[in-house]
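Novice: Letter by letter, the sequence shown follows residues 4 to 87 of our numbering.
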Amino acid sequence: MTNEGKEVIQETALLERASTLFDRFGDYVPLTIAFLNHWPTEIKFYPEFVVGNAWKVFLSFGLYQLAAFALRRAVKFAKSDLVP
4 MTNEGKEVIQ
14 ETALLERAST
24 LFDRFGDYVP
34 LTIAFLNHWP
44 TEIKFYPEFV
54 VGNAWKVFLS
64 FGLYQLAAFA
74 LRRAVKFAKS
84 DLVP
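(1) So, helix, strand or coil for N40, using DSSP?
(2) Considering Cα atoms alone, identify which of F80, A71, L17, I12 is closest to F28.
(3) So what does DSSP say about T15, is it helix, strand or coil?
(4) Could you tell me the alpha carbon to alpha carbon distance between A37 and G8, rounded to whole angstroms?
(5) Count the other C-beta atoms from every protein chain shown that fall within 10 angstroms of the C-beta of Y67, then say buried if there are 16 or more, exposed otherwise.
(6) Helix, strand or coil: which one does DSSP assign to G29?
(7) Under a Cβ-count criterion, where at least 16 other Cβ atoms within 10 Å of its own Cβ denotes burial, should S83 be classed as buried or exposed?
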């Protein structure tokens, strides 16, 4: 195997580790941002949810879950291309 092939395998392994960490800890990013920006993180009733900024926290949770899914799929496709 050439040096280029080994580098590609190492970079794919690094991407796989990063996506695993993002999948495990990615949900804490929007929660941390919410606490730092003093957004409400608990909802008492529906009008408060709509008027306040709590919906941003839940939307960001969903977006981070979609990003983690996309990273997992990208790693899976990258690894399948490397298998001879």
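For glycine and all other residues, C-beta sits at the position ideal for the given N, C-alpha and C.
These figures come from a predicted structure and were not determined experimentally.
Specialist: For this structure:
(1) By one-based count along the sequence shown, residue 40 stands at place 37. Here N40 sits in coil by DSSP.
(2) To locate residue 28, count along the sequence shown from 1; it is residue 25. Among F80, A71, L17, I12, the Cα nearest to that of F28 belongs to A71.
(3) To locate residue 15, count along the sequence shown from 1; it is residue 12. In the three-state reduction of the DSSP assignment, T15 falls in the helix class.
(4) Walking along the sequence shown from the start, residue 37 turns up at place 34. Walking along the sequence shown from the start, residue 8 turns up at place 5. Their Cα atoms are separated by approximately 42 Å.
(5) To locate residue 67, count along the sequence shown from 1; it is residue 64. The residue in question, Y67, is buried, as its Cβ has 16 or more Cβ neighbours within 10 Å.
(6) As a first step, residue 29 is located in the sequence shown; it is residue number 26 there, counting from the start. G29 falls in the coil class under three-state DSSP.
(7) Here residue 83 refers to the residue found at position 80 when the sequence shown is read from its first residue. Exposed: under 16 other Cβ atoms inside 10 Å.
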